[in-house]
Amino acid sequence: MLNTKQKKMLDQLLNRCQKNLRSVNTNLIRKAFDFSIEAHKNDLRASGEPYFEHPYGVAMIIADEIPLDDQSIAAALLHDVLEDTEFEPLDLAKEFNPTIAEIVDGVSKIGGVIKEHDASQAENYRKLLLSMVKDIRVILVKFADRLHNMRTLEFVSPDKQRRIAKETIQIYAPFAHRFGLAQVRWEMEDLSFKYLEPSAYENIRKKLRDKRRERESFIKKIIDPIKKKLETEEIDFEIIGRPKHFYSIYRKMMTRVNSFDEIYDLFAIRIILETENIYECYNVLGIITQIYTPVPDRLHDYIALPKKNNYQSLHTTVIGPNGRMVEIQIRTRRMHEVAERGVAAHWKYKNSYKATGKELEEWVDWIRDVFENVASREEAQKDIIESFKLNLYQDEIYVFTPKGDLKVLPSKSTPVDFAFEIHSNVGFHCLGAKVNGKIEPLDTLLKSGDQVEIITSKNQTPNRGWEKFVVTHKARTNIRKWIRKEESRFVQEGKTLLEKTMKKSKLHINNDDLLKLARGYKFDNLTELYRAIGNGRFPAEKIFESKVDQIEKDDSQKTDGEFTFNKFADTARESTGGVLIQGDKIDVLHNFARCCNPVPGDEIIGFITRGEGVKIHRSTCKNFQRLSKLYDSRIMEVSWPETNGSFFIAGIKVLGEDTPGMLNEISQTIVNTYNTNIKGISIKTHHSIFYGTISVQVKDLEHLIRIIERLKKIKGIDVVERFEETN
């Protein structure tokens, strides 16, 4: 059962609906009213009042200020049910109908989307678009939700006030403008201004209040002669004199660097004609210019050429009493309702409330264009907000194609903006432009009435400098998309080239060490390095110069404690007990030839020298083969004696990438190959590279070869070879 206050609230809502909507299902609204009260019965707002006051306030805004239909009223009453309770969209579809469930679900989905530091802004905005395309009432209910929150913002913390106000002025107000909701936009801006710049807001409010009588007197002086003449002409009209909104005055002060007292156009006169005959507007314009002197170049005909949000009106500025300039706007009642209520005004004139009418389709097409041109998640909120500011608040110019098609562009647009407006491919391949038949630079500022022809070439690509002068969202986004694509290609090509160079040089450097090398060449990060290599500004080989120099320096500074080949060879030879000469252990002076440095496992042969005993060579040694042809009689058969268990010590040289667990993997591989015994390991690292030698106990040369083959299969190892001294 509803209490007395709730009954009064419901009656008030139903009265507003019956007054402003085409048709009303009162049972539907009563049911949604009861459902919302029950769903939020235990919740309170920051002000301490029952939470239901908020959805009720949103519903009243829809009924009174953005009149739509009874489905929207019900959705407004229920718009927080999914977010704050355990109900699901399916529950609302069963309890009410799928349309209401869809609207409520859409409002819930976009409720948390527009947040200052959301990393997935672009994707979330796409969700917003999809919701709007399904049913445009989703965004209109959301406007009402945000407007009611702004009206009650005084009850939340200062930090939250500023965050919400910033979101509102940067996102919601521009959207409201684009949807033609002038009153909603102005109120959102003024309320945001109040919390973002409280001192400036209060200063303007006080000055407007102090000059109220003076302002009202001046407006009366302007209006009286106009009223008298229009009444004489028997024209049905309403005339309004109003001050400009606070935020509008503030922006004029900031952009013109004027004080409050120097802003002359603080108010405007609006004449609303009760007729559907648009020519009556021009008739009234003629009457006004007979009374007051018009200011040259300050006539704007938005009836013949409506703004993108379908705004229509005649604007003229005249010299009023005391030489002060005053703006006068002339429009029909229908034009006025569209100007004030935008999309919502079409519910009054159309049977269909879906986005199927020509005007609604144009709105949806524009919104779709905004979001389709958001390149990816990488495009941050800053870029999207910048696009809103570029496209939603600018004045417009009207430019023609060579075939006479009209294109509406923001003021200060250039031929490049025009090219992208025609098609992205035209923009990408724009080589030049003819403006009124004359070739002009691509950064030429276009003006209304210009005829523009774009010259294209399939070999032309966007110039990075274009971004400095284009003003449309479509042009700027497409240029940035192309730049990102090119940058990405350079980065990938540079990375691939660098990896090939590293592989060719048999160098492995981890990212941390590569970053250190890159910073040595003044690159802030690896992406910059890859990009510079990819576009040819920096040769890949150069990055390794300091690396190779350091390794060579390290190698030249080896200490006696390192595991040198001579030490290894001595150890290996001692492990066999020397060599057998002609099959016997004979104590004969012998030395190992340094030209081939034989070690156990090699096939060896002896050569009798003069004064140095028998020189032991590998049988494959080129020096030995040359000597044997000359001194065949001095060849002596030698061999390695069999060790205990027929094993001898061999050396393996390794080089590769220094990664965690690498030494363990090497050790396990060796041990798991015929249960090999490791006799010694000497490994050194330099930045991301490891290199060194491993001595192992093997049965024969085949055993050693098998170990080497298995080590080569380990990922990250580039060099595996038998340890020997090269001359």
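In terms of the working numbering, the sequence shown opens at residue 21 and continues consecutively. Just so you know, even glycine gets a beta-carbon here, dropped at the ideal spot from N, CA and C.
query, result
"Which residues does DSSP pair with Gln349 in a beta bridge?", "Arg290 and His335"
"Which residues share a DSSP beta bridge with Cys450?", "Thr476"
"With a floor of 3 residues, list each beta strand (DSSP E) that falls wholly inside the stretch 205 to 245, ordered by position along the chain.", "none"
"With 8 Å set as the bound, which would you pick, yes or no: does the beta-carbon of Gly621 sit closer than that to a beta-carbon of chain D?", "Looking at the structure shown, chain D is missing, and only one protein chain is on hand."
"Please name the residue, chosen from Ile709, Ser43 and His449, that lies closest to Asp532 on a Cα-to-Cα basis.", "Ile709"
"Can you tell me whether Arg38 is buried or exposed? The criterion is at least 16 other CB atoms within 10 Å of its CB, across all chains shown.", "Strictly speaking, residue 38 in this sequence is Gln, with Arg absent from that position. Exposed, by the Cβ-count rule."
"Look at Arg504 and Glu487 and say whether their C-beta atoms are less than 8 Å apart.", "no"
"Is the stretch 644 to 663 touching the stretch 697 to 716, taking contact as three or more C-beta pairs under 8 Å?", "no"
"Enumerate, from N- to C-terminal direction, the unbroken alpha helix (DSSP H) stretches of 4 or more residues contained entirely within the stretch 489 to 541.", "493 to 524 and 531 to 540"
"Can you tell which of Phe420, Gly556, Lys562 and Gly554 has the C-alpha that lies nearest to the C-alpha of Tyr541?", "Lys562"
"Quick one: residues in its chain with C-beta nearer than 6 Å to the C-beta of Leu609, no 5 flanking neighbours on either side, listed in chain order?", "Gly633"
"Taking the alpha-carbon of Lys423 as reference, which of Ile474, Gly452 and Ser431 has the nearest alpha-carbon?", "Ile474"
"With DSSP as the reference, label Asn371 as helix, strand or coil.", "Since pLDDT at Asn371 reaches only 43, below the 50 mark, its modelled position is unreliable, and the value read off the structure follows with that caveat. If DSSP states are grouped into helix, strand and coil, Asn371 belongs with coil."
"Let me make sure I understand the geometry here. Which of Ala185, Ser43 and Asp155 has the alpha-carbon closest to that of Ser212?", "Ala185"
"Mapping the DSSP letters down to three states, classify Ile737 as helix, strand or coil.", "strand"
"Taking the C-alpha atoms as reference points, what is the distance between Ile459 and Pro435?", "11 Å"
"Distance check for Asn329 and Gly362, CA to CA, integer angstroms please.", "8 Å"
"Work out the CA separation of Val491 and Val176 for me, nearest whole Å.", "38 Å"
"Compute the Euclidean distance between the alpha carbons of Lys241 and Ala288, then round it to the nearest angstrom.", "13 Å"
"Which of the three DSSP states, helix, strand or coil, is assigned to Arg630?", "coil"
"Select from Gln349, Thr693, Ile737 and Pro87 the residue whose C-alpha is nearest the C-alpha of His723.", "Thr693"
"Can you tell me whether Ala324 is buried or exposed, with buried defined as 16 or more other CB within 10 angstroms of its CB?", "exposed"
"Out of Ser639, Cys301, Gly631 and Arg630, point me to the one whose CA is closest to Ala619's CA.", "Residue 619 is actually Val in this sequence, not Ala. Ranking the options by Cα distance to Val619, first place goes to Ser639."
"So what's Ala670 in DSSP terms, helix, strand or just coil?", "strand"
"Go ahead and label Asn371 buried or exposed: buried means 16 or more other beta carbons lie within 10 angstroms of its beta carbon, across all protein chains shown.", "In this prediction, Asn371 scores a pLDDT of 43, lower than 50, which makes its location untrustworthy; no coordinate-derived value is stated."
"Would you list, in sequence order, the uninterrupted alpha helix (DSSP H) runs of no fewer than 4 residues that lie entirely inside the stretch 680 to 735?", "682 to 691 and 721 to 732"
"For the alpha helix (DSSP H) that contains Tyr299, what are its first and last residues?", "Tyr299 to Ile311"
"On the premise that Cys301 lies in contact with Leu334, defined as a C-beta separation below 8 Å, what is that separation, rounded to the nearest angstrom?", "5 Å"
"Tell me the DSSP bridge mates of Gln471?", "Phe420"
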